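In our numbering, the protein residues as written are 1058 to 1288. C-beta atoms are modelled at their ideal positions from N, C-alpha and C, and glycine is treated no differently. Since this is a predicted model, take the numbers as computed values, not measurements. Heads up, the thing below is written out as structure tokens.
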């Protein structure tokens, strides 16, 4: 079932508003170029009871309706956390790049990764850049996130996108996983980074993708409301 995503698309020398139908939302996992860093993240999640993947990278499909540009999301309890990721979008056979948070229920993740990812909304900034405009200096881009709790803001994740597979490589691997390939209407979250200070609940989460070469960044902040567990 398609979900409509309203974005500001910033292309080469132009920008436009677009409502893009999203048919498939894919969460790529364990996409690091550095195998040691991938193993570190697997151990990080293993400490929470999450089983190691059978193969890497992984591609988990979730409901397209989970994708949101809202400034607040509802989750059940206090066991979920955000994680910053670059986001790939195929809009009418043109590739766009944004930033999102693969918000995931960590308690349920110990039961099943795909199930846990289906439990939470997937926040995304309402702005995307044309991949063609940034591909030549892709590895200079920086992903960053901040955790905000009790009014205190702290750096949660930060690294160059060079820590993860390049979008073209990720799309190629996805095409091996799904023979139909990266079709129009597909959105893919590109994997995340190790966190600073341990995985933990936050009241508010901020994400950004910075392009130092073109001196710009995409940012998004969302509040997290914990719904009570009633049984």
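Problem - Burial state of residue 1174, where buried means 16 or more other Cβ atoms lie within 10 Å - result: By the 10 Å Cβ count, residue 1174 comes out buried.
Exercise for the section: Just confirm the distance between the C-beta atoms of residue 1180 and residue 1130, as a whole number of angstroms; I'd bet it's less than 8 Å. Expected result: The beta-carbon separation of residue 1180 and residue 1130, rounded to 6 Å, stays under the 8 Å limit for a contact.
Handout entry: alpha helix (DSSP H) runs contained entirely in the region 1081-1120, provided each spans 4 or more residues
Key = 1092-1103
Practice task
In angstroms with no decimal places, state the Cα-to-Cα distance between residue 1189 and residue 1196.
Solution key: 14 Å
Problem - Alpha-carbon to alpha-carbon, residue 1210 and residue 1229 - result: 37 Å
Problem - Coarse secondary structure for residue 1210, derived from DSSP in three states - result: Three-state result, residue 1210: strand.
Practice task
In the DSSP assignment, find the alpha helix (DSSP H) that holds residue 1166 and state where it starts and stops.
Solution key: Under the DSSP assignment, residue 1166 falls in the alpha helix (DSSP H) whose first and last residues are 1163-1166.
Exercise for the section: Taking only the alpha-carbon atoms, compute the straight-line gap between residue 1257 and residue 1246 and give it to the nearest angstrom. Expected result: 21 Å
Exercise for the section: Please classify residue 1214: is it buried, with 16 or more other beta-carbons within 10 angstroms of its beta-carbon, or exposed? Expected result: buried
Exercise for the section: Work out the CA separation of residue 1145 and residue 1152 for me, nearest whole Å. Expected result: 7 Å
Practice task
Indicate the three-state DSSP secondary structure (helix, strand or coil) for residue 1218 in the structure shown.
Solution key: Correct three-state label for residue 1218: helix.
Handout entry: Short Cβ contact (9 Å threshold) for residue 1199 with residue 1266
Key = Closer than 9 Å, so yes.
Practice task
Look up residue 1237 in the DSSP assignment and say whether it is helix, strand or coil.
Solution key: coil
Problem - Distance, residue 1064 Cα to residue 1097 Cα - result: 34 Å
Problem - Extent of the continuous alpha helix (DSSP H) run through residue 1190 - result: 1188-1191
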